[in-house]
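Numbered according to UniProt numbering, the first sequence spans residues 1 to 616.
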Amino acid sequence: MQNRAFPIDRFAFPPLLKAASKASALSEGRMIHGLGVKLGYGSDPFVETALVGMYAACGLISEARFVFDKMSHRDVVTWNIMIDGYCQSRLFDNVLALLEEMKSSNTEPDQRIFTTILTACGRVGNLDIGKVVHGFISESNIVIDSHLHSALLNMYASSGDMDMAQSLYDKLEPKNVVASTAIISGYSKVGNVEAARLVFDEMVDKDLVCWSAMISGYSESDKPQEALKIFHEMQQYGIKPDQVTMLSVISACAHLGALDQAKKIHLFVDEIGFGKALPINNALIDMYAKCGSLEEAKEVFLRMRRKNVISWTSMISAFAIHGDVDNALKYFQKMKFEKNVGPNWITFVGVLYACSHAGLVEEGKKLFESMVNEYGITPRLEHYGCMVDLYGRANRIEDALKLVETMPMAPNVVIWGSFMAACRQHAEFELGEFAAKRLLELDPDHDGAHVFLSNIYAKEKRWENVGAVRQFMKNKGISKERGLSMIEMDNEIHEFLTADKRHKRMDEIYAKLEEVVEKLKKAGYDPNTNSVMVDLDEDEKREVILWHSEKLALCYGLIRKEKQSCIRIIKNLRICEDCHNFMKLASKVFDREIVVRDRTRFHHCKDGLCSCKDYW
DNA sequence: CTAGGGTTAG
1 MQNRAFPIDR FAFPPLLKAA SKASALSEGR MIHGLGVKLG YGSDPFVETA LVGMYAACGL
61 ISEARFVFDK MSHRDVVTWN IMIDGYCQSR LFDNVLALLE EMKSSNTEPD QRIFTTILTA
121 CGRVGNLDIG KVVHGFISES NIVIDSHLHS ALLNMYASSG DMDMAQSLYD KLEPKNVVAS
181 TAIISGYSKV GNVEAARLVF DEMVDKDLVC WSAMISGYSE SDKPQEALKI FHEMQQYGIK
241 PDQVTMLSVI SACAHLGALD QAKKIHLFVD EIGFGKALPI NNALIDMYAK CGSLEEAKEV
301 FLRMRRKNVI SWTSMISAFA IHGDVDNALK YFQKMKFEKN VGPNWITFVG VLYACSHAGL
361 VEEGKKLFES MVNEYGITPR LEHYGCMVDL YGRANRIEDA LKLVETMPMA PNVVIWGSFM
421 AACRQHAEFE LGEFAAKRLL ELDPDHDGAH VFLSNIYAKE KRWENVGAVR QFMKNKGISK
481 ERGLSMIEMD NEIHEFLTAD KRHKRMDEIY AKLEEVVEKL KKAGYDPNTN SVMVDLDEDE
541 KREVILWHSE KLALCYGLIR KEKQSCIRII KNLRICEDCH NFMKLASKVF DREIVVRDRT
601 RFHHCKDGLC SCKDYW
């Protein structure tokens, strides 16, 4: 229009500014602002309203307010946009102040404004402000329509107050997809995916968003098989997934850890045309890493034309869980030279984790300091968790404890759990007892802490204490989480529990186990029952250890998988010392690559050695 | 200007 010397009227400006808002294009927005003023539209209320929106969307909230304040005519839309701006900048005190100002200037706040505010509160989990706004609504004469009702419900649901959300849902008639979806994701987020499923099954009209919410619910609740099941069911109803759906599906594959399944999903996202999307590729990096293929994760990463902080963080974390500290740190350095990509707090979790799993105490300390001093990132619980882990694993128990005692926030279950694990590993039983007790104050049902206490007491022959712990566990129905290993074969997942007898080829598997033990013994295998601290006699201990789930999975792999192919095992708990040794020897004796994913990292065993260098 | 699903996280 400008090139043709075409007269531009004021009506062109609001949509232009809206485009700038959506693209967060500040310099273009300013140019349009300048042009508008030049053409004499600077005090047109519609243009001014759009300017408020543009500056707010670009994060310049005080500039938005400046335009807002000098307006001579503000309608309800102007107020709403200004309030929305404060919501996006999370300045909720300004939101409340502006609401009051609005009332005193004779503009009544309407449902839409409240919907906007409540949605923002939900997004950031600000229950306090949400409740205040709820109070305003109840006191006023505003009619609660279905949008506002859903926004209220969603605010409570996404802040974790499911009692309130459910009671609002009960009052809502008729139900609608939006409200039901909010309830589904609310229940999923508080860990009650079963309740989410009940609501889901009740729904008559299911759309893509609610299917995605259910898939994500299962994926986030560490029920990847359920997530994949419901994803296939959705497709049978003829509903086509979009990118958001696929992100949850890919994440489910990552949780599952099954590489063949993962490759199939990768092919699928390529087929439906999402193969070049940045978030999809980020998820794929993580998926391949968690399915044990660092090579394929790297391949995805290197092929990406654009990379953001999530791409780099995923790649760094990938190296970390595979024990490749050198590359984790190298990529962290490389990242510094990328334009527009700075590390965030999750990136630091990745590099600190890498240091902790490699025993690089000094390097980790330096990184932690640079995070604060160079990058201005305030350490979170997760970072302290990494640091406690870093010291603890490296047998610097005193340093670990000092950190727990001096960190600026209260230690949570994770922190005490990490410290307790360090005490167990380094036989610091007195401090271990202390840690276990702190842990139980926060989570009285923590199975690991009870088992550890019982084992400490048994070791010190304090039989009365042992009895008390066992009785407590029995009364409350707490038991040690049972070991569970998985192996993928012909597109099927085979699961084995400790001492499992359910598999249809169990006889063969146990026979194979005996054969394997014999062969390994000739190569120097000596059962190590150190990790079994319960008061069993030595023969019983050996039996317990022999039937650990990963050994059963390994034997099944040796029976079924063709010679020299890689055997991949996924385990729910951490691998014990004996199994670790078993896997290493087996990799040599049977000339196989054996990859085990335990609760926190990968072990690549080859030629009798493990990638973790026996530090895990 | 108005309601629901998303990738990285011990």
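Backbone N, C-alpha and C define an ideal beta-carbon position, used for all residues, glycine too.
Can the beta-carbon of His255 be found less than 9 Å from the beta-carbon of Asp205?
no
Cβ neighbour criterion (16 or more within 10 Å) applied to Trp463:
exposed
Taking all protein chains shown into account, decide if Met31 is buried (16 or more other Cβ within 10 angstroms of its Cβ) or exposed.
exposed
Taking only three categories from DSSP, how would you classify Phe274?
coil
Could you check the C-alpha separation between Gly125 and Leu99 for me, to the nearest Å?
20 Å
Sort out for me which residues DSSP pairs Lys606 with in a bridge.
Leu609
Put Lys290 into one of helix, strand or coil per three-state DSSP.
helix
On the CB-based measure, 16 or more other CB atoms within 10 Å of its CB, does Ser105 come out buried or exposed?
exposed
Residue from Ala179, Ser140, Leu127 with nearest C-alpha to Asp161
Leu127
Can you say whether Ile272 is buried or exposed, counting buried as having 16 or more other CB atoms within 10 angstroms of its CB?
exposed
For Asn3, count the other beta carbons within 10 Å of its own beta carbon; 16 or more makes it buried, fewer makes it exposed. Which is it?
exposed
Test item: CB-CB of His322 and Leu294 under 9 Å
yes
Taking only the alpha-carbon atoms, compute the straight-line gap between Leu360 and Leu573 and give it to the nearest angstrom.
24 Å
So who's on the other strand from Glu492, going by DSSP bridges?
Met489
Pick out whichever of Met71, Ile478, Ala157, Ser27 has its Cα sitting closest to the Cα of Lys189.
Ala157
Beta-carbon separation of Pro224 and Ala252 under 9 Å?
yes
How far does the alpha helix (DSSP H) with Ile478 in it extend, from its first residue to its last?
Where Ile478 is concerned, there is no enclosing alpha helix (DSSP H), given that its DSSP letter is neither H nor E.
Which value, in whole angstroms, describes the spacing of the CA atoms of Ile83 and Ile113?
8 Å
Enclosing beta strand (DSSP E) for Ile569 [first to last residue]:
567–571
Take Met246 and list the residues in its own chain whose beta-carbon comes closer than 7 Å to its own, dropping the five residues that flank it on each side.
Val269, Phe274, Ile280
Just checking my contact of Pro14 with Val52 at CB under 8 Å: how many whole Å lie between their CB atoms?
Contact doesn't hold; Cβ gap of about 11 Å is too wide.
N-terminal and C-terminal residue of the alpha helix (DSSP H) that Ile310 is part of
309–321
Candidates Trp416, Cys612, Asp443: closest to Gly432 by CA position:
Trp416
Beta-carbon proximity check, Phe496 vs Ala553, cutoff 9 Å:
yes
Going by beta-carbon coordinates alone, are His357 and Tyr525 separated by less than 9 Å?
no
Among Arg505, Met155, Cys58, Met420, which has the Cα closest to the Cα of Gly448?
Met420
Locate the alpha helix (DSSP H) running through Ile61, then write down its first and last residues.
61–69
Buried or exposed for Asp607, please, with buried defined as at least 16 other CB atoms from any protein chain shown within 10 angstroms of its CB.
exposed
Alpha carbon to alpha carbon, what distance is there between Ala20 and Arg87?
The amino acid at residue 87 is misidentified as Arg; the sequence shows Cys. C-alpha separation (whole angstroms): 19 Å.
Let me confirm a value: His548 is counted as buried when at least 16 other C-beta atoms fall within 10 Å, else exposed. Which label applies?
buried
State the beta-bridge partners of Val414 as determined by DSSP.
Answer by DSSP bridge pairing: none, since Val414 is not bridged.
Tell me which same chain residues have a C-beta within less than 7 Å of the C-beta of Asp44, skipping the five on either side of it?
Arg10
Could you spell out the range, first to last residue, of the alpha helix (DSSP H) harbouring Ile456?
447–459
Cα-Cα separation, Cys121 to Leu152:
10 Å
To the nearest angstrom, how far is the alpha carbon of Leu39 from that of Trp79?
25 Å
Inspect the beta-carbon positions of Val404 and Val388 and report whether they are closer than 9 Å.
yes
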